[in-house]
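Chains as they are written, first to last, in the working numbering: chain D, 1 to 418; chain P, 1 to 418.
Protein chains: 2
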Amino acid sequence: MKNIAFDRVKFAFDIERFFICMSQPLPFDLTSDTNPTNAMSLHDFSIVETTLREGEQFCKARFSSSDKVEIAKALDSFGVEYIELTSPRVSIYSRKDCHQIAELGLKSKVLTHIRCNLEDAKVAVDTGVDGINIVIGTSDLLRYFSHGKSIEEIIEIASKVLGFIRQANPRIELRFSTEDSFRSSLSDLLRVYLEIDRLGLVDRFGIADTVGIATPSQVFELVKILRQTTQKDIEFHGHNDTGCAIANSYTALEAGATHINTTVLGIGERNGITPLEGLVARLYVLNPEAIERKYALGSLGSICKLVADKVGVEIPFDRCIVGSASFSHKAGIHTKAVLKNSRTYEIIAPEDFGLERTMLIDHPLTGKYAISHRCHQLGLNLSPDKLVVATQKIKDLAYTRQISLEGIDRILVEFSQS
Amino acid sequence: MKNIAFDRVKFAFDIERFFICMSQPLPFDLTSDTNPTNAMSLHDFSIVETTLREGEQFCKARFSSSDKVEIAKALDSFGVEYIELTSPRVSIYSRKDCHQIAELGLKSKVLTHIRCNLEDAKVAVDTGVDGINIVIGTSDLLRYFSHGKSIEEIIEIASKVLGFIRQANPRIELRFSTEDSFRSSLSDLLRVYLEIDRLGLVDRFGIADTVGIATPSQVFELVKILRQTTQKDIEFHGHNDTGCAIANSYTALEAGATHINTTVLGIGERNGITPLEGLVARLYVLNPEAIERKYALGSLGSICKLVADKVGVEIPFDRCIVGSASFSHKAGIHTKAVLKNSRTYEIIAPEDFGLERTMLIDHPLTGKYAISHRCHQLGLNLSPDKLVVATQKIKDLAYTRQISLEGIDRILVEFSQS
């Protein structure tokens with residue numbers, strides 16, 4: 001009894017904490033896969049789509065000017081709020097590309113991404129982009145081996161660069177980000193952000209998990225601190241070296257971030273960053289209607305195909321939503337339930353993305369219900385006993401050799417006539 | 001002043017929370033990418049590798065008996081603590097496979113995975129496996145559309161099944177898991193787990209994010225509640241429909257989970273579950289030495305290749321560690337720093353996995369430092385001015401056409417002779 005009583009105390013505490021956690025912007029009613037009645041419960045957020053900057057840093061990417069225009073237009077019609085472009089300082093060609101895409105008159109705001117120095121800034125302000133994203137490394141490793149600047153020097157040069165841009169163009173949208181934020185000391189980070197914040201020059205701050213080391217709880221705490229201490233909008237950029245980019249981006253939004261960096265299929269340096277389709281999947285589950293209002297979900301598949309073709313990769317088989325396997329159901333227990341109600345094993349409706357589900361029956365894990373469904377499609381009527389035997393025959397056959405749907409149909413016809 | 005003072009109050013609070021968060025088993029020293037001095041700070045954990053169960057439910061998987069033996073042996077030499085097999089109830093063949101793999105004398109414990117019914121249990125106890133993983137759906141959707149049982153009936157049948165197995169084999173390892181745990185009501189879940197716990201028959205409980213809907217904070221809270229209320233070991237099974245499987249598995253460990261389900265490349269129903277290589281990447285970053293002691297990291301690549309070939313898929317280009325892009329460095333700012341110290345942009349050392357990094361210079365984003373490094377490799381000595389011009393020429397050329405390393409070398413030789 002004592003133990004049970006003790007349990008109950010911890011229990012009440014835990015359940016309270018549980019509901020505190022649940023009352024964060026999450027699908028509250030866990031008994032339904034989505035909650036169509038509640039409004040988008042995450043505060044309003046923006047996608048900063050950087051396939052044309054971070055994505056250009058993908059090992060296999062080599063975008064021509066026309067490729068960039070084609071991708072920018074596709075992202076614009078999908079509805080991303082921002083499109084980020086490679087620094088115009090890289091070459092005369094990327095400068096021309098910035099000019100050209102800034103002049104397309106897209107609904108998406110056009111940004112370019114530069115290092116924190118005056119030369120980059122001078123070229124960037126002349127490109128006609130809507131905003132400039134500035135980044136500088138603050139971790140010991142990057143300060144020592146990359147730009148060699150002290151925290152004092154970082155604050156000094158950032159102040160100069162931001163001041164110059166703001167003076168050159170008062171209306172331009174300015175983001176200042178540290179690089180490798182999660183390997184920077186908290187005191188260095190806060191010193192830099194708070195000093196820059198006092199200048200009143202930037203529209204938002206960036207936090208970058210440049211090496212993909214951050215965990216969701218670390219992202220939550222850092223975003224929360226920065227949001228509370230500056231009240232500025234916060235942009236999160238997360239690499240995927242340890243496979244946490246989507247969860248970290250979502251957690252950043254929970255903590256108060258307002259802007260998330262994505263690339264189509266997640267392409268970028270090394271194994272890339274938060275994939276556009278992955279962030280969309282994560283947020284769609286929270287509130288499908290809100291995401292459908294924000295983005296043209298039906299074109300997500302074609303955008304992924306477009307970029308996959310441009311960089312010469314296959315869309316990974318298991319990619320969220322757009323992977324070839326994402327809506328396939330195989331084991332008997334799964335197909336049975338999905339045939340009755342697709343929500344049993346699907347939290348994303350393929351039809352919302354112009355896609356279809358696949359029900360596999362030509363394998364040893366198939367089940368009676370899926371086979372009887374096939375009989376129904378064929379207009380065959382098998383007795384319960386025959387159905388059991390036919391199903392077992394198909395399972396056993398499929399184990400020993402590849403079996404086609406036609407082969408299965410022949411077996412079912414034979415059973416119906418026997 | 002008031003505002004600043006107010007900030008400082010929030011500040012102290014936040015920094016305290018920040019460090020509370022950091023003092024969770026995480027790489028504490030954020031100024032270094034890993035902390036080789038501290039011991040593995042996560043409590044001891046086990047990988048329950050289910051490529052031969054969940055992985056067999058992948059749409060393209062069709063494993064023969066010899067495939068299964070080959071994969072089981074590879075996973076055993078890698079060092080996974082458990083290997084889970086498809087239910088022997090599926091067919092005479094999977095029954096034979098359970099027998100055969102249980103008799104291989106592997107270091108890994110061999111489990112099979114069954115539905116919560118006596119017929120499955122009777123067949124399973126006769127296979128000679130070390131343990132049985134039992135699962136039953138508890139969400140309204142699965143209870144209504146899958147097995148049609150009430151919570152009372154679930155508890156009743158689970159008690160019967162667990163009692164039968166324990167009586168048939170007192171030494172067998174028993175796991176009881178709910179299915180679709182994150183769409184089940186908390187009261188239903190706790191009722192089921194606590195009733196089963198009172199029987200004192202199971203070795204651990206399972207929590208399953210069957211549809212890939214859970215967020216890290218939800219996983220943390222549910223695992224923590226179950227751990228605190230039962231003090232049992234906890235196994236987490238996470239699907240990847242919204243791309244959070246790796247982060248959710250890691251967060252489950254933070255919350256006290258002891259066993260994590262993985263499959264090689266994450267293959268499973270729909271787009272699968274936590275990939276073995278992804279979980280390894282996430283945990284390696286926390287403490288490389290501890291993970292190297294636990295697993296044969298050098299064979300991770302070949303295991304992924306083995307399974308990719310068996311199921312006829314390409315290893316996705318951006319897969320953690322084993323993806324073709326995972327150790328490629330492209331932008332000039334990255335290659336410069338990596339050439340000085342690879343830890344600047346690498347938190348995973350490719351050599352620990354028998355892999356190599358790639359430094360790309362044949363593209364418009366290349367930089368002076370990478371080009372001068374190439375000159376050094378070629379034994380060429382370019383003046384600083386020539387180096388700047390040569391680099392810009394290579395960048396511009398690479399923008400307009402595909403350029404080979406040989407082409408770059410020719411350009412550098414010309415500059416050195418001009």
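The beta-carbon is built from N, C-alpha and C at its ideal position, and this holds for glycine as well.
Taking a Cβ-Cβ cut-off of 7 Å, the neighbours of Glu314 (chain P) in chain D comprise Glu314, given in sequence order.
Bounds of the beta strand (DSSP E) holding Leu174 (chain D) are Glu173 to Glu179. In this structure, the alpha-carbon of Arg198 (chain D) lies about 16 Å from that of Ser187 (chain D). Between the segment 257 to 270 of chain P and the segment 288 to 296 of chain P, the count of C-beta pairs closer than 8 Å stays below three; the two stretches do not touch.
For Tyr93 (chain P), the chain D residues whose C-beta falls within less than 8 Å of its own C-beta are Pro364, Asp396, Tyr399 and Thr400, listed in chain order. With contacts defined as CB atoms closer than 9 Å, Gly131 (chain D) and Asp209 (chain D) fail to qualify as a contacting pair.
It is roughly 50 Å from the alpha-carbon of Pro275 (chain D) to the alpha-carbon of Gln167 (chain P). Spanning the alpha carbons of Phe236 (chain P) and Phe145 (chain P) requires a straight line of approximately 24 Å. For Ile134 (chain D), there is no enclosing alpha helix (DSSP H); the enclosing beta strand (DSSP E) covers residues Gly131 to Gly137.
Under the Cβ distance rule, Pro216 (chain D) counts among the residues neighbouring chain P, one pair being separated by less than 9 Å.
Taking 4 residues as the minimum length, the alpha helix (DSSP H) runs contained wholly in the segment 302 to 344 of chain P are 332 to 340, in order along the chain.
When the beta-carbon positions are compared, Tyr250 (chain D) and Asp352 (chain D) stay at least 9 Å from each other. For Lys109 (chain P), the enclosing beta strand (DSSP E) begins and ends at Lys109 to Arg115. Three or more Cβ pairs drawn from the segment 106 to 123 of chain D and the segment 74 to 85 of chain D lie within less than 8 Å of each other, which places the two stretches in contact.
The alpha carbon of Val135 (chain D) has as its nearest neighbour, out of D:Leu174, D:Ala102 and D:His329, the alpha carbon of D:Leu174. The beta-carbon of Asn169 (chain D) is placed no less than 9 Å from the nearest beta-carbon of chain P. Scanning its chain for C-beta atoms nearer than 8 Å, with the 5 sequence neighbours on each side dropped, one finds around Asn169 (chain P) the residues Val125, in chain order.
Residue range Asp233 to Gly238 is occupied by the beta strand (DSSP E) that includes Asp233 (chain D). Of all residues in the segment 326 to 352 of chain D, those with a C-beta nearer than 8 Å to a C-beta of chain P are Ser326, Phe327, Ser328, His329, Lys330, Ala331, Ile333, His334, Lys336, Ala337, Lys340, Asn341, Arg343, Thr344, Tyr345, Glu346, Ile347 and Ile348, reading in chain order. In this structure, the straight-line span from the alpha carbon of Cys98 (chain D) to that of Glu314 (chain D) is close to 28 Å. Note on Ala296 (chain P): under 16 other CB atoms within 10 angstroms of its CB, so exposed under the neighbour-count rule.
The C-beta of Lys107 (chain D) has fewer than 16 other C-beta atoms within 10 Å across all chains shown, which makes the residue exposed. Between Phe176 (chain P) and Gly206 (chain P) the beta-carbon gap is near 7 Å, inside 8 Å, which marks them as a contact. Linking Leu387 (chain D) to Ser372 (chain D) through their CA atoms gives a straight-line distance of about 7 Å.
Neighbours of Thr51 (chain P) in chain D, taken as residues whose beta carbon is under 9 Å from its own, are absent, since the nearest beta carbon is some 13 Å off. Secondary structure at Thr229 (chain D): helix, using DSSP grouped into helix, strand and coil. For Leu405 (chain D), the enclosing alpha helix (DSSP H) covers residues Leu405 to Gln417.
Taking a Cβ-Cβ threshold of 7 Å, the residues of chain D close to Gly266 (chain P) are Asp318, in chain order. Contact annotation: Lys340 (chain D) and His363 (chain D) have beta-carbon atoms that are not nearer than 9 Å. Counting only residues of its own chain and dropping the five nearest sequence neighbours on each side, Leu397 (chain P) has a CB closer than 7 Å to the CB of Ile403. Think of a sphere of 8 Å around the beta carbon of Thr358 (chain D): the chain P residues whose beta carbon falls inside it are Cys59, in chain order. Here Arg270 (chain D) really is in contact with Phe327 (chain P); their C-beta atoms are around 7 Å apart, less than 8 Å. Cβ proximity to chain P below 8 Å picks out Tyr250, Thr251 and Glu254 from the segment 249 to 264 of chain D.
In this structure, Gly212 (chain P) lies near Ile347 (chain D), with their beta-carbon atoms less than 9 Å apart.
Membership of Thr400 (chain P) in any beta strand (DSSP E) is not indicated; the residue belongs instead to the alpha helix (DSSP H) covering Pro384 to Thr400. Of the candidates P:Ala214, P:Gly323 and P:Cys304, P:Ala214 places its Cα closest to the Cα of Ala252 (chain P).
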